[in-house]
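Student: Residue numbering for the sequence shown follows this note's numbering, starting at 739 and increasing by one per position.
Beta carbons are placed, not taken as given, at the ideal position from N, Cα and C, and that holds for glycine.
Bear in mind the structure is a predicted one, so any value in this text is a computation, not a measurement.
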Amino acid sequence: MAASTVLHYIYDPLCGWCYGAKPLIQAARQVLPVVLHGGGMMAGNNRQFVSSNLRDYVMPHDRRIAEYTGQPFGQAYFEGLLRDSSAIFDSTPPTRAVLAAEQLQGRGLELLGRLQTAHYVEGRRLADVEVLLALAAELGFEPEAFKAAFELNSDALAADHFKQSRALLSRVGGQGFPTLALEQDGRFSLIDIGPYLGKPEVFVAWLSQSVSPATHDAVGPSCGLDGCSP
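1. Is it buried or exposed for Ala781, if we count other Cβ within 10 angstroms and need 16 for buried?
2. Could you give the residue range of the alpha helix (DSSP H) that holds Arg802?
3. How would you call Val844, buried or exposed, if buried means at least 16 neighbouring beta carbons within 10 angstroms?
4. May I ask you to report which of helix, strand or coil DSSP gives Cys961?
5. Relative to the C-alpha of Val859, which residue among Ser742, Tyr747, Leu752, His746 is closest?
6. How close, in whole Å, do the beta carbons of Leu820 and Ala835 come, if the pair is a contact with beta carbons under 8 angstroms?
7. If you drop the 5 nearest sequence neighbours on each side, which residues of the same chain put their C-beta closer than 7 angstroms to that of Asn891?
8. Can you name the residues that DSSP bridges to Val859?
9. On a CA-only basis, which of Phe787, His799, Gly912, Val744 is nearest Tyr757? Give me that one, please.
10. Could you check what DSSP says for Tyr757 in three-state terms: helix, strand or coil?
11. May I ask you to verify whether the stretch 932 to 940 touches the stretch 760 to 768, counting CB pairs closer than 8 angstroms and requiring at least 3?
12. Along the chain, where does the alpha helix (DSSP H) containing Phe888 start, and where does it finish?
13. Grab me the residues of Val769's own chain with a C-beta within less than 8 angstroms of its C-beta, minus the 5 sequence neighbours each way, in chain order.
14. Can you name, in chain order, every residue of its own chain whose Cβ lies under 8 angstroms from the Cβ of Ile826, other than the five neighbours on each side?
15. Helix or strand or just coil, what does DSSP make of Gly932?
16. Considering Cα atoms alone, identify which of Arg909, Leu745, Asn783 is closest to Thr830.
17. Hey, Tyr795 and His775 are a contact pair by Cβ (cut 8 angstroms); roughly how many whole angstroms apart?
18. How many angstroms separate the CA atom of Val772 from the CA atom of Asp893?
19. Quick one: what's got a C-beta closer than 7 angstroms to Ser948's C-beta in the same chain, skipping five residues either side?
20. Assign Arg821 to one of three DSSP states: helix, strand, or coil.
21. Look at the alpha carbon of Arg801 and the alpha carbon of Gln813, and state the distance between them as a whole number of angstroms.
22. Among residues of its own chain, excluding the 5 on either side of Ala874, which ones have a beta-carbon nearer than 6 angstroms to its beta-carbon?
23. Buried or exposed, going by whether 16 or more other CB atoms sit within 10 Å of the CB of Glu805?
24. In three-state terms, what does DSSP make of Gln768?
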């Protein structure tokens, strides 16, 4: 892979299809740099408390993701978090944590993967700062340093990050989350990840051989800008 090639990953920590694509993104980092762009799917006015409507909306969607990608979804998520009416789904706090991890040690992608497992398998609340700090400490981040970096990445800075990410999404012609685009010498090419979901080895082999892939119109299953739909 050419040194000038970068994989841009426009994601949201609460996007089910992003969780479904997790093995692909982790495999991709073996062959080229991955730059993260949080999209703010459930940020601001789009954040919401867990309700029966939300549960009924996302549960069949998540079961389809599990079947399509092979990614595990835990009972603590289906029967715990999705039935906890005091929990809130808010993309801003976990995205701030990812930004902090990237700035401190270049480990944003690693923390994102841990957050996704915490949410979809362990049923933990990613809107709770205490949960985010505990997960970062679990990965070896010094607690006070991480907390300081998290606080520096304020809600306002996260909102600006979301704005920039959505501008990039529009620039590359993406429609939702996840969107993957290769940048080569300033030129962007969308990647259709649909055929590779559940097949990270095939995906990384394709990436290793694809210096100048053609742009695709379809980008596979995804979540929309303001949420996932069944």
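Tutor: Once the coordinates are examined:
1. buried
2. From DSSP, the alpha helix (DSSP H) with Arg802 extends over 790 to 807.
3. The sequence shown places Gly at residue 844, not Val. Exposed is the call here.
4. Of the three classes helix, strand and coil, the one that applies to Cys961 here is strand, per DSSP.
5. Leu752
6. In fact, because the Cβ distance is near 22 angstroms, the residues do not count as touching under 8 angstroms.
7. Arg834, Leu837, Ala838
8. According to DSSP, which records beta bridges pairwise, Val859 is partnered with nothing at all.
9. His799
10. helix
11. yes
12. 881 to 890
13. Correct list, in chain order: Met739, Val942, Leu945, Ser946.
14. Arg785, Gln786, Phe787, Val788, Arg863, Ala865
15. helix
16. Asn783
17. Rounded, the Cβ-Cβ distance is 25 angstroms, inconsistent with contact.
18. 24 angstroms
19. none
20. helix
21. Using only the alpha carbons, I get a separation of about 12 angstroms.
22. Phe884
23. exposed
24. coil
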